Amino acid sequence: AVPLDGSAAEDRGAVRELTAERHRFVTGPRLSPDGRRAAWLAWDHPRMPWDGTELIVADVTADGTLRGARTVAGGTAESVAQADWAADGSLLYASDRSGWWNLYRDGTPLCPREEEFGGPLWKLGYRWFAPLDSGLIAVVHGRGAKALGTLDPATGEITDTAGPWSEFEPTLAAHGDRVVAVGAGPRSGYEVVELDTGTGRTRVIGARHTDPVDPALYPEPQVRTFTGPGGREVHAHVYPPHHPGVTAPDGAAAPYVVRAHGGPTGRAPLVLDLEIAYFTSRGIGVAEVNYGGSTGYGREYRDRLREQWGVVDVEDCAAVALALAEEGTADRGRLAISGGSAGGWTSAASLTRTDVYACGTVRYPILDLTGWGTGETHDFESRYLEGLVGPLAEVPERYAARSPAEHADRISAPFLLLQGLDDVICPPVQCERFLARIAGRGVPHAYLTFAGEGHGFRRAETLMRALEAELSLYAQVFGLDVAGIQTLELMT
3 AVPLDGSAAE
13 DRGAVRELTA
23 ERHRFVTGPR
33 LSPDGRRAAW
43 LAWDHPRMPW
53 DGTELIVADV
63 TADGTLRGAR
73 TVAGGTAESV
83 AQADWAADGS
93 LLYASDRSGW
103 WNLYRDGTPL
113 CPREEEFGGP
123 LWKLGYRWFA
133 PLDSGLIAVV
143 HGRGAKALGT
153 LDPATGEITD
163 TAGPWSEFEP
173 TLAAHGDRVV
183 AVGAGPRSGY
193 EVVELDTGTG
203 RTRVIGARHT
213 DPVDPALYPE
223 PQVRTFTGPG
233 GREVHAHVYP
243 PHHPGVTAPD
253 GAAAPYVVRA
263 HGGPTGRAPL
273 VLDLEIAYFT
283 SRGIGVAEVN
293 YGGSTGYGRE
303 YRDRLREQWG
313 VVDVEDCAAV
323 ALALAEEGTA
333 DRGRLAISGG
343 SAGGWTSAAS
353 LTRTDVYACG
363 TVRYPILDLT
373 GWGTGETHDF
383 ESRYLEGLVG
393 PLAEVPERYA
403 ARSPAEHADR
413 ISAPFLLLQG
423 LDDVICPPVQ
433 CERFLARIAG
443 RGVPHAYLTF
453 AGEGHGFRRA
463 ETLMRALEAE
473 LSLYAQVFGL
483 DVAGIQTLEL
493 MT
């Protein structure tokens, strides 16, 4: 509890701890409408919040402290992504106890479906649902892509919002019977959208999309499911090359870039991405792979990556690339892999473990599991690898076997490595170790660093330079004629 008079700014002792309940991480405190109870989420190392969290409820005493804290849902193998109080004092929460993040009220499922009403708690304050004064609940839900709707808890029925938006962010805000959300679609960027649940009408109230380029250049995504090793499903969005003024020769297979998202507990959203349009309008197809481990497809799909990072993600991306080549969509000799952060890991691991790709782009990656797992990152993710790879003390050989930095000698394909010098999550030292092991091996490559950039690039000049460098790499390797960009100098 922080005093509102500002005294805590000078006196740390003015901040009161309200409960003796202790966990490594806590978030999402909510007071019940009558002020007599508080609820919050908590978890401990080595779990990440999508592995298992506890929903804790405590009584609020007269002096504002919390007593009688008890766990009412969640645990080591059940993830509660969000909790909130309804106007009638009942406790609402999103739990994956059924294998899907579904909504519950005081332990009773409200709308049991094989789709998600929650997601990975990567940022504090995420809200996938919001109780309304009317008793309805605004929800962001879906299997893969997420829609905005209103759930009637009495019937379990959902009414979805009409409009051009195929994805909504978990940032719901509610006032009365109005809901404000952030949504985007395949032909529009993220906008602030207001839904009047009384009338069902929606309107854009902020950050209205405007087309920065001719929308005729925008690609049309294909939502597809491929077959991976062992017959498992692999979800992907495929963006064929597209330009209104250019037609490819009949039967010609296009070069393709396979993009691996970050996280790896993330998902490629089904929205307009001008970086994708940058490539597709120049004759290069893009396939975004929601490999095993991605969220949005249930816990079983998410857990597929457990202790299999660097294996399942690599196999699933390769399965999509090779399937596109086999059906004649992609040119087998002109495939590339690209990704940032955890996607950078998948890209680098793919170059060391497969011969599928002619080249690759690796952005602010994880390259050395042993270093990253022994203090080279922040506390939130410092034990993440125990779930993705296994406990370091028990399986150290697995860390070495999968790290691209340990197997740089296996890379023969040209690659581009992009790194922010202020990155504290994936620090530059990993790239430097990796490049030291590449030196003298004759592999064409480029290493571009950016001062003032952290984990994920922000500055326009950085984004432009990185994108043009990536295009130049593909142009050189794929034999494309691309004008108007600086040629990337490849070293060996």
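Going by my numbering, the first residue of the sequence shown is number 3, and it counts up by one from there.
Backbone N, C-alpha and C fix where the C-beta goes; we use that ideal spot for every residue, glycine too.
Note that the coordinates shown come from a computational prediction; the quantities given were computed from them, not determined experimentally.
query                                                                                                                                                       : result
List the residues that DSSP assigns as beta-bridge partners of Q421.                                                                                        : T451
Mapping the DSSP letters down to three states, classify V397 as helix, strand or coil.                                                                      : coil
With DSSP run on the structure shown, which of helix, strand or coil describes R129?                                                                        : strand
Per DSSP, C361 is paired with what?                                                                                                                         : A338
Following the continuous alpha helix (DSSP H) through T282, name the residue where it begins and the one where it ends.                                     : L276 to T282
Thinking V260 and V291 are a contact (beta carbons under 8 Å), I'd like their distance in whole angstroms, please.                                          : 6 Å
Which class does E463 belong to by DSSP, given the choice of helix, strand or coil?                                                                         : helix
Return the CA-CA distance between A1 and S384, expressed in angstroms with no decimal places.                                                               : Outside the displayed span of the chain (3 to 494) sits residue 1, for which this structure offers no information.
Can you name the residues that DSSP bridges to V184?                                                                                                        : V194
Please classify K125 as buried or exposed, where buried requires at least 16 other C-beta atoms within 10 Å of its C-beta.                                  : exposed
Could you give the distance in angstroms between the alpha-carbon of P188 and the alpha-carbon of S9?                                                       : 49 Å
Taking L272 as the reference, give the member of A289, S92, G442 and A438 with the closest Cα.                                                              : A289
Could you tell me which of R308, W45, Y293 and L174 sits nearest to A320, measuring between CA atoms?                                                       : Y293
For Y106, name the three-state secondary structure that DSSP assigns.                                                                                       : strand
Going by the CB atoms, is the gap between D333 and P257 shorter than 9 Å?                                                                                   : yes
Hey, V82 and S92 are a contact pair by Cβ (cut 8 Å); roughly how many whole angstroms apart?                                                                : At roughly 15 Å, the Cβ-Cβ gap does not stay under 8 Å, so V82 and S92 are not in contact.
Where does T173 fall in DSSP's three states?                                                                                                                : strand
Leaving out five residues on either side along the sequence, give the residues of the same chain with a beta carbon under 7 Å from the beta carbon of H245. : L219 and S283
If you compare alpha carbons, which of W374, A176 and V445 is closest to W130?                                                                              : A176
Which term fits V195, buried or exposed, when burial requires 16 or more other beta carbons within 10 angstroms of its beta carbon?                         : buried
Y241 bridges to which residues according to DSSP?                                                                                                           : V288
Return the CA-CA distance between Y128 and V397, expressed in angstroms with no decimal places.                                                             : 34 Å
Using the Cβ count rule (16 or more neighbours within 10 Å means buried), how would you classify L200?                                                      : Going by the sequence as given, residue 200 is Gly instead of Leu. The residue in question, G200, is exposed, as its Cβ has fewer than 16 Cβ neighbours within 10 Å.
Which of the three DSSP states, helix, strand or coil, is assigned to D213?                                                                                 : coil
Check whether the Cβ atoms of P367 and G346 lie closer than 9 Å to each other.                                                                              : yes
Note down, in chain order, each residue of its chain lying with its Cβ closer than 8 Å to the Cβ of R72, except the 5 sequence neighbours on either side.   : I58, V59 and A60
Which of the three DSSP states, helix, strand or coil, is assigned to P430?                                                                                 : helix
Given T354, which residues of its chain have a CB within under 8 Å of its CB, disregarding the five upstream and five downstream residues?                  : P406, H409, A410, R412 and I413
Which of the three DSSP states, helix, strand or coil, is assigned to R443?                                                                                 : coil
Within 10 angstroms of its Cβ, does L419 collect 16 or more other Cβ (buried), or is it exposed?                                                            : buried
If you run the structure through DSSP and keep just helix, strand and coil, what is D411?                                                                   : helix
Report the CB separation of L371 from R404 in whole angstroms; it is logged as a contact under 8 Å.                                                         : 6 Å
For W87, which option in L43, Q310, W167 and A132 has the closest C-alpha, if you only look at C-alpha atoms?                                               : A132
Measure the C-alpha to C-alpha separation of I160 and E309 and round it to an integer number of angstroms.                                                  : 36 Å
Below 8 Å, can you find three or more Cβ-Cβ pairs linking the region 238–252 to the region 301–308?                                                         : no
What's the call for T267, buried or exposed, on a 16-neighbour Cβ count within 10 Å?                                                                        : buried
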